[in-house]
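Numbers -4 to 377, taken from this note's numbering, label the letters of the sequence shown in order.
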Amino acid sequence: MQRCTRSTVEREDEYDIAIVGGGPAGVAAALSSLQLRPRIRIAVVEAPRHDSWRAGETLAPGCQEILRGLGCWDSFRAAGFIDSTGTRAVWGGADPYDNDFLLSAHGSGWHADRTRFDALLCQAARDAGANWITCARLCGVDREQPGFRLWLRSAATESLQTLRARFVIDSSGRRASFASKCGARRVADDHLIGVCGLLPAHGRERATLVEAQADGWWYSSLLPGSRLIVAWMSDADLIRSQRLCDTERWIAHVRQSEWTRERIGGPLLGSLRAWSARSERLIPAHGDGWIAAGDAASAYDPLSSLGILKALRSGKIASFVAIDWLEGRDSAERYESIVEREYAGYCETKRYFYGQEQRWPGSPFWSRRVNGDDAKWRTVKN
Ligand SMILES: Cc1cc2nc3c(=O)[nH]c(=O)nc-3n(C[C@H](O)[C@H](O)[C@H](O)COP(=O)(O)OP(=O)(O)OC[C@H]3O[C@@H](n4cnc5c(N)ncnc54)[C@H](O)[C@@H]3O)c2cc1C
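Here it is as structure tokens:
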């Protein structure tokens, strides 16, 4: 268990559930807990965001049902996000074909501005009665009986604050900030990274485009405000050796694409950002008095367009486990086996989709995925 040095502690509040991370998983957990037990005391701890924009905007069709169930559907519709008509793929051959959401269910989804989407979710959690502790990063954990004391560092003043919680839901994304302090490990099945840029869109093509190349694939998706997010998806070592985090090289690379470049209507807006997009899982995804949800529990390749839907769903299920635990029932093992089973199913589907692309048998990027060479790349980290 990782502790902080005690300096100035401002105050200590007590909660039934502390939720670390206020993304889709954390908000779903908060809203669902408050629906199940309206008097429950919930704190959501959210670290400051230094990014002016975030990758991960295409919401799969299934999000409607879950947002409706959580009571956020009206505000989501009112935000005026763009309907998406699915995914166009240049994958396995030179010609594009339509594929309603590559790995996910059929139907129409949405292109959302992630900053606005996350703000809308935060407002819904606050309105429902969650205490939103913003601009505070979890920096240490002490075991208490019962529950935990969490140490939070304020971004603005660097001062420390603590809170106590009987149960913790870790929804801090791929960092799994709480679980890693309790000794859980991330096991990654590949080293996929997305190097992303925002550009003006040329035209108003609403389908997300994925375009396979010899050493990775391009992802591009329309955003509100006629902007386009374009991401080069490849393995960390290949990106490094080709220096594709370098703006000029990235631009030259996208110019060599056949279809993606046609969607770009002007120069890069701001700088490139790189995000981890590895397929990875947390082991274990629960412990005594805590559970991980969303990307903290398992993170998928963006090819799936499933990250947000999965985060909303698992946040909701995590709330059931939390309530069970608070009321003396233990359903965490069952949750763990759901995460495990879903991850195994996802890996199989992912192998199938990567296996559709046979044009570059000598390419390390594809052979790692198609011939199972990616097993050599499996890494474990705390
Ligand atoms: C390049 C790329 C493209 C993607 N495209 C799509 C897409 O089109 N569609 C889709 O559905 N998904 C997509 N995803 C995946 C999607 O972004 C994630 O699956 C989703 O955001 C997971 O939600 P979450 O709530 O689990 O975690 P996050 O959204 O990552 O939220 C975690 C929150 O925890 C906070 N936090 C972290 N550490 C701490 C700490 N120590 N203390 C307090 N707070 C903390 C962070 O500030 C953050 O707000 C993409 C991902 C990548 C990398």
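Every residue gets a Cβ at the ideal spot worked out from N, C-alpha and C, and that includes glycine.
Extent of the continuous beta strand (DSSP E) to which R276 belongs:
Locating residue 276 in the sequence shown gives position 281, counting from the first residue. Per DSSP, R276 belongs to the beta strand (DSSP E) from 275 to 278.
Please give the ranges of any alpha helix (DSSP H) in the stretch 221 to 271, keeping only runs that are unbroken, at least 4 residues long and fully inside the region.
231 to 236, 242 to 250
First through last residue of the alpha helix (DSSP H) which encompasses P195:
For this step, residue 195 is matched to residue 200 along the sequence shown. Premise fails: P195 lies in the beta strand (DSSP E), 187 to 195, not in any alpha helix (DSSP H).
Specify whether the stretch 63 to 80 and the stretch 348 to 356 touch according to this definition: at least 3 beta carbon pairs, one from each stretch, less than 8 Å apart.
Contact between the stretch 63 to 80 and the stretch 348 to 356 is absent: fewer than 3 CB-CB pairs across the two stretches fall below 8 Å.
Residue environment, Q208, which counts as buried when at least 16 other CB atoms sit within 10 Å
For the purposes of this step, residue 208 is taken as the residue at position 213 of the sequence shown. Buried: at least 16 other Cβ atoms inside 10 Å.
Distance CB(I77)-CB(P219) smaller than 8 Å:
In the sequence shown, residue 77 corresponds to position 82, counting from 1. In the sequence shown, residue 219 corresponds to position 224, counting from 1. In contact: I77 and P219 (Cβ atoms closer than 8 Å).
With H, G and I counted as helix, E and B as strand and the rest as coil, what does DSSP make of Q208?
Here residue 208 refers to the residue found at position 213 when the sequence shown is read from its first residue. The DSSP-derived three-state label of Q208 is strand.
Beta carbon of D302: closer than 7 Å to some heavy atom of ligand 1?
Translated into the one-based positions of the sequence shown, residue 302 becomes position 307. Contrary to the premise, residue 302 reads as Gly rather than Asp in this sequence. G302 Cβ: within cutoff of ligand 1.
Between which two residues does the alpha helix (DSSP H) containing E328 stretch?
In the sequence shown, the residue the question calls residue 328 occupies position 333. E328 -> alpha helix (DSSP H) spans 327 to 350.
Report buried or exposed for E257, applying the criterion of at least 16 other Cβ atoms within 10 angstroms of its Cβ.
As a position in the sequence shown, residue 257 is number 262, starting the count at 1. Per the 10 Å Cβ criterion, exposed.
Short Cβ contact (8 Å threshold) for A272 with M228
As a working note, residue 272 is residue 277 in the sequence shown. As a working note, residue 228 is residue 233 in the sequence shown. Yes, Cβ-Cβ distance for A272 and M228 is below 8 Å.
How about S314 and D296: are their beta carbons less than 8 Å apart?
In the sequence shown, counting from the first residue as 1, residue 314 sits at position 319. In the sequence shown, counting from the first residue as 1, residue 296 sits at position 301. Not closer than 8 Å, so no.
Secondary structure, alpha helix (DSSP H): runs of 4+ residues fully inside the stretch 35 to 80
Listed in chain order, the alpha helix (DSSP H) runs fully inside the stretch 35 to 80 are 58 to 64, 68 to 73, counting runs of at least 4 residues.
Quick check on the DSSP output: what are the complete beta strand (DSSP E) runs of length 3 or more inside the stretch 142 to 191, in order along the chain?
143 to 149, 155 to 165, 180 to 183, all fully within the stretch 142 to 191.
Going by DSSP, which residues form a beta bridge with A379?
No answer is possible for residue 379: the residues shown for the chain start at -4 and end at 377.
For L108, which of helix, strand or coil comes out of DSSP?
For the purposes of this step, residue 108 is taken as residue 113 along the sequence shown, with counting starting at 1. In the sequence as displayed, the identity of residue 108 is Asp instead of Leu. Of the three classes helix, strand and coil, the one that applies to D108 here is coil, per DSSP.
Nearest CA to the CA of L133: which residue from D165, P359, G178, D184?
Your numbering for residue 133 matches position 138 in the sequence shown. Of the candidates D165, P359, G178, D184, the residue whose Cα lies closest to the Cα of L133 is D165.
Closest Cα partner of F71 within the set H106, T129, I246:
On the sequence shown, residue 71 is found 76 positions in, with the first residue counted as 1. When each option's Cα is compared against that of F71, the closest is H106.
Determine the DSSP secondary structure at S28, reduced to helix, strand or coil.
Taking the sequence shown and counting its residues from 1, one reaches residue 28 at position 33. If DSSP states are grouped into helix, strand and coil, S28 belongs with the helices.
Evaluate T3 with the Cβ neighbour count: other Cβ atoms within 10 Å of its Cβ, from every protein chain shown; 16 or more gives buried, anything less gives exposed.
On the sequence shown, residue 3 is found 8 positions in, with the first residue counted as 1. Bear in mind that the predicted position of T3 carries a pLDDT of just 46, short of 50, making it unreliable; the figure below should be weighed with that in mind. Exposed is the call here.
Please state the DSSP three-state secondary structure of R324.
Looking up residue 324 in the sequence shown gives position 329. The answer is coil: DSSP assigns R324 none of H, G, I, E or B.
When you measure from the CB of R132 to every non-hydrogen atom of ligand 1, does any distance come out below 7 Å?
Taking the first residue of the sequence shown as position 1, residue 132 is located at position 137. Checking the Cβ of R132 against ligand 1 gives yes.
Within its chain, find whatever has a CB closer than 7 Å to the CB of R238; leave out the 5 residues flanking it on each side and keep chain order.
Translated into positions along the sequence shown, residue 238 becomes position 243. For R238, where only same-chain residues beyond five positions count, the Cβ hits under 7 Å are R244.
Cβ atoms of E7 and R138: under 8 Å apart, would you say?
Translated into the one-based positions of the sequence shown, residue 138 becomes position 143. Translated into the one-based positions of the sequence shown, residue 7 becomes position 12. No.
Quick one: what's N126 bridged to in DSSP?
To locate residue 126, count along the sequence shown from 1; it is residue 131. According to DSSP, which records beta bridges pairwise, N126 is partnered with A38.
Let's see if you can read the secondary structure: which residues bound the beta strand (DSSP E) around R364?
Reading the sequence shown from its first residue, position 369 is the one you call residue 364. Careful: R364 lies outside any beta strand (DSSP E), inside the alpha helix (DSSP H) at 359 to 365.
What do you reckon, are the CB atoms on S28 and I37 nearer than 8 Å?
Mapped onto the sequence shown, residue 28 falls at position 33. Mapped onto the sequence shown, residue 37 falls at position 42. Yes, the Cβ-Cβ distance between S28 and I37 is below 8 Å.
Please confirm whether I164 has its beta-carbon closer than 8 Å to some beta-carbon of chain C.
You won't find chain C in this structure, because it holds only one protein chain.
Under the DSSP definition of a beta bridge, which residues are partnered with V22?
Translated into the one-based positions of the sequence shown, residue 22 becomes position 27. In the DSSP output, where bridge partners are listed per residue, V22 has none listed.
Extent of the continuous beta strand (DSSP E) to which D296 belongs
Numbered from 1 along the sequence shown, position 301 holds the residue referred to as residue 296. D296 -> no beta strand (DSSP E), and no H or E assigned at all.
Starting from the Cα of G284, find the closest Cα among D325, E343, I333, S167 and give me that residue.
Here residue 284 refers to the residue found at position 289 when the sequence shown is read from its first residue. It is D325 whose Cα lies nearest to the Cα of G284.
Residue from A13, S293, A291 whose Cα sits closest to the Cα of A131
Locating residue 131 in the sequence shown gives position 136, where the first residue counts as 1. Considering only alpha carbons, the answer is A13.
Endpoints, beta strand (DSSP E) assigned at A131
Here residue 131 refers to the residue found at position 136 of the sequence shown. For A131, the enclosing beta strand (DSSP E) begins and ends at 131 to 138.
Anyone know if the C-beta pair for G57 and L304 falls short of 8 Å?
Counting from 1 along the sequence shown, the entry for residue 57 is found at position 62. Counting from 1 along the sequence shown, the entry for residue 304 is found at position 309. Cβ distance < 8 Å, so G57 and L304 count as in contact.
Given 7 Å as the limit, tell me if E153 has its C-beta closer than that to any heavy atom belonging to ligand 1.
Counting from 1 along the sequence shown, the entry for residue 153 is found at position 158. Flag unset: Cβ of E153 not near ligand 1.
Cβ pair D93, G18 closer than 8 Å:
As a first step, residue 93 is located in the sequence shown; it is residue number 98 there, counting from the start. As a first step, residue 18 is located in the sequence shown; it is residue number 23 there, counting from the start. Result no, Cβ atoms of D93 and G18 do not sit closer than 8 Å.
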